[in-house]
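Numbering (my numbering), first residue to last: 40 to 175.
Input: a single structure, listed below in structure tokens.
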Amino acid sequence: MMDETDFKRINALIENSRMTMRALAEKVHLTAPAAAARVQKLEDSGVIEGYTVKVNQSKIGLPIHAFITIMTDSPQHQSYLDFLKGRNEYIVNNFKISGEGCYMLEGRFPSYEETNDFLKALNNHANYKLAIVIDK
Numbered sequence: 040m041m042d043e044t045d046f047k048r049i050n051a052l053i054e055n056s057r058m059t060m061r062a063l064a065e066k067v068h069l070t071a072p073a074a075a076a077r078v079q080k081l082e083d084s085g086v087i088e089g090y091t092v093k094v095n096q097s098k099i100g101l102p103i104h105a106f107i108t109i110m111t112d113s114p115q116h117q118s119y120l121d122f123l124k125g126r127n128e129y130i131v132n133n134f135k136i137s138g139e140g141c142y143m144l145e146g147r148f149p150s151y152e153e154t155n156d157f158l159k160a161l162n163n164h165a166n167y168k169l170a171i172v173i174d175k
């Protein structure tokens, strides 16, 4: 079971997963070895699943950020899922959802023209509703 210190430790790592155990220890008022041991315990128990890097997508040429609600015409979704396999460069996440639609697709695109080309091809496999991110 997690205590308040574990939550503080997790929040500190969310802010900066590259911080040293010494810096983390100072932030949560523990010694560095104690902080490292608690983080290791959180990793071993699966609470912390991994560490990641946040990339500025616009700076790598993918400024268009879209959320696409996918609606398939039949209960068979394989055509849509196969379509996605060839387009990994655009797909950030593909969540199976309940409610309106079958999937929520998050994509990043280099231009509106390529977004449109993707949507035209997608329309051969599913219907969709598009939302473009304006600001974060």
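Idealized CB from N, CA, C, for every residue including glycine.
- Note that the C-beta distance between ALA76 and ALA170 is not below 9 Å.
- A Cβ-Cβ distance of about 31 Å is found for the pair GLY85 and THR108, leaving them out of contact under the 8 Å criterion.
- Three or more beta-carbon pairs drawn from the stretch 124-136 and the stretch 145-155 are found closer than 8 Å, and the two stretches are therefore classed as touching.
- Secondary structure of ALA64 (DSSP, three-state): helix.
- Per the C-alpha coordinates, the member of GLN117, MET110 and LYS159 positioned closest to GLY138 is MET110.
- With fewer than three CB-CB distances shorter than 8 Å, the stretch 92-106 does not count as touching the stretch 62-80.
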